[in-house]
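What follows is a set of notes on a single structure, which appears directly below.
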Amino acid sequence: MNLTNLSTIREIADKFGFTFSKSLGQNFLINPSVCPRIAEMGGADENTGVIEIGTGFGVLTKELAKRARKVVAIELDSRLIPVLQYTLADYDNVKVINEDVLKVDLPGLIAEEFPGMEVVVCANLPYYITSPIIMALLEQRLPVKAVTVMVQKEAGDRLCAPMPSRECGAVTAAVRYYSEPKVLFPVSRGSFCPAPNVDSMVIRLDVKDALPLQPEEEKTLFRVVKAAFGQRRKTLPNTLSAGLGISKAEAAEKMAAAGLKPTARAEELSMEQFCRLAKEF
Ligand code: SAM
Numbered sequence: 010m011n012l013t014n015l016s017t018i019r020e021i022a023d024k025f026g027f028t029f030s031k032s033l034g035q036n037f038l039i040n041p042s043v044c045p046r047i048a049e050m051g052g053a054d055e056n057t058g059v060i061e062i063g064t065g066f067g068v069l070t071k072e073l074a075k076r077a078r079k080v081v082a083i084e085l086d087s088r089l090i091p092v093l094q095y096t097l098a099d100y101d102n103v104k105v106i107n108e109d110v111l112k113v114d115l116p117g118l119i120a121e122e123f124p125g126m127e128v129v130v131c132a133n134l135p136y137y138i139t140s141p142i143i144m145a146l147l148e149q150r151l152p153v154k155a156v157t158v159m160v161q162k163e164a165g166d167r168l169c170a171p172m173p174s175r176e177c178g179a180v181t182a183a184v185r186y187y188s189e190p191k192v193l194f195p196v197s198r199g200s201f202c203p204a205p206n207v208d209s210m211v212i213r214l215d216v217k218d219a220l221p222l223q224p225e226e227e228k229t230l231f232r233v234v235k236a237a238f239g240q241r242r243k244t245l246p247n248t249l250s251a252g253l254g255i256s257k258a259e260a261a262e263k264m265a266a267a268g269l270k271p272t273a274r275a276e277e278l279s280m281e282q283f284c285r286l287a288k289e290f
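Using this note's numbering, read the sequence shown as starting at 10 and increasing by one per residue.
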């Protein structure tokens with residue numbers, strides 16, 4: 010069964026009375042070269058357990074199942090469960106969970122489903138919740154090696170922007186704190202059914218083993234980052250004062266203690282400099 014073939018997709022949709030839901034971000038991949046590349050570059054191999062988020066008809070799930078030891082696929086839309094029983098019938102290393110990924114106990118799932126395995130996440134994400142999903146995966150400090158996901162091009166540019174740079178924002182800093190982000194390849198809008206109004210890209214976040222701050226310090230870091238990027242064109246004493254409710258003099262003092270110029274702006278700081286600044290608070 011070729012799930013990148015449009016007539017096959019139509020046949021399956023007719024057989025199960027399925028209609029695409031825009032609000033669930035249901036744009037399914039029909040470019041045959043994309044899913045094998047996500048699976049390969051995402052690290053799905055015989056020693057690895059894969060968590061997939063959002064299966065659709067299972068086009069990526071199949072490519073993951075062919076390569077990985079085990080795949081646990083989380084899909085919110087209950088209408089897709091009978092479809093997946095049909096499309097994935099030949100694969101005995103796939104478990105489908107009908108839940109909202111943001112409500113799943115992922116640490117528990119990993120411990121139960123993937124004992125002794127290296128774990129990666131691979132997905133063509135529903136774009137309406139790209140950042141919440143990525144942040145939930147990273148903030149929980151899950152024991153996963155990498156997160157390889159298809160995202161909207163603009164979101165990918167922001168998530169993978171270098172630091173410092175004019176393109177970076179609070180989400181860039183958060184991603185860069187927990188991982189080394191990398192753009193893998195672009196994907197055109199015509200690679201999906203139905204075609205979305207935007208182009209996409211596949212990115213990989215290689216999750217860091219060790220982090221420089223303790224969980225309590227991390228909270229401060231992200232408060233500082235959020236305040237700093239709140240008004241990105243202003244200098245940091247202004248943005249920190251407004252965002253953290255302190256005086257400009259106090260903000261400038263902390264910056265000096267962290268070795269930063271008082272004229273610095275958020276987009277001019279590296280991740281290391283943000284960490285140094287957070288420690289001063
Ligand atoms: N993997 C398929 C593909 O590449 O063709 C489908 C990708 S489609 C962009 C996103 C999928 O995520 C849809 O099947 C949608 O129902 C599912 N989804 C949306 N919100 C979800 C959530 N909160 N938790 C789990 N799955 C979700």
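We put the CB at the ideal spot given by N, CA and C, even for glycine.
Going straight from the alpha carbon of V156 to that of A132, what length do you get? Counting from 1 along the sequence shown, the entry for residue 156 is found at position 147. Counting from 1 along the sequence shown, the entry for residue 132 is found at position 123. When rounded, the distance between both Cα atoms is 8 Å.
Beta-carbon gap between F37 and F201 smaller than 8 Å: Reading the sequence shown from its first residue, position 28 is the one you call residue 37. Reading the sequence shown from its first residue, position 192 is the one you call residue 201. Contact flag set, yes.
Just to confirm, does F37 get its C-beta within under 7 Å of one of the non-hydrogen atoms of the ligand ZN? Within the structure as shown, the ligand ZN is missing, the only ligands being the ligand SAM.
For S188, which residues does DSSP report across the bridge? By one-based count along the sequence shown, residue 188 stands at place 179. Beta-bridge partners assigned by DSSP to S188: V216.
If you follow the alpha helix (DSSP H) that G125 is in, where does it begin and where does it stop? Start at 1 with the first residue of the sequence shown, and residue 125 comes out as number 116. Element bounds for G125: n/a, residue is neither H nor E.
Contact check, L168 vs A145 under 8 Å by CB: the rounded distance? As a position in the sequence shown, residue 168 is number 159, starting the count at 1. As a position in the sequence shown, residue 145 is number 136, starting the count at 1. At roughly 14 Å, the Cβ-Cβ gap does not stay under 8 Å, so L168 and A145 are not in contact.
Using three-state DSSP, classify F66 as helix, strand or coil. Position 57 of the sequence shown holds residue 66. Taken through DSSP and simplified to helix, strand or coil, F66 comes out as coil.
List the DSSP bridge partners of E259. Residue numbering aside, residue 259 sits at position 250 when the sequence shown is read from its first letter. None, per the DSSP bridge assignment.
So, does the region 51 to 64 touch the region 12 to 29, judging by three or more C-beta pairs under 8 Å? Touching, no.
Between the Cα of V180 and the Cα atoms of K79, K235, A251, which residue gives the shortest distance? Sequence index remark: in the sequence shown, residue 180 carries index 171 (1-based). Comparing alpha-carbon positions, the option among K79, K235, A251 lying closest to V180 turns out to be K235.
Is it the case that the Cβ atoms of R241 and E276 are separated by a distance below 8 Å? For the purposes of this step, residue 241 is taken as residue 232 along the sequence shown, with counting starting at 1. For the purposes of this step, residue 276 is taken as residue 267 along the sequence shown, with counting starting at 1. Cβ atoms of R241 and E276: closer than 8 Å.
With C-beta atoms as the reference, is V92 less than 8 Å away from F25? For the purposes of this step, residue 92 is taken as residue 83 along the sequence shown, with counting starting at 1. For the purposes of this step, residue 25 is taken as residue 16 along the sequence shown, with counting starting at 1. F25 is positioned such that its CB atom lies closer than 8 Å to that of V92.
What residues are listed by DSSP as bridge partners for M210? Stepping through the sequence shown from its first residue, residue 210 is reached at position 201. Per DSSP, the beta bridge partners of M210 are V160, P195.
Distance between L89 and T272 (C-alpha atoms, nearest Å): Stepping through the sequence shown from its first residue, residue 272 is reached at position 263. Stepping through the sequence shown from its first residue, residue 89 is reached at position 80. Approximately 54 Å between the Cα atoms of the pair.
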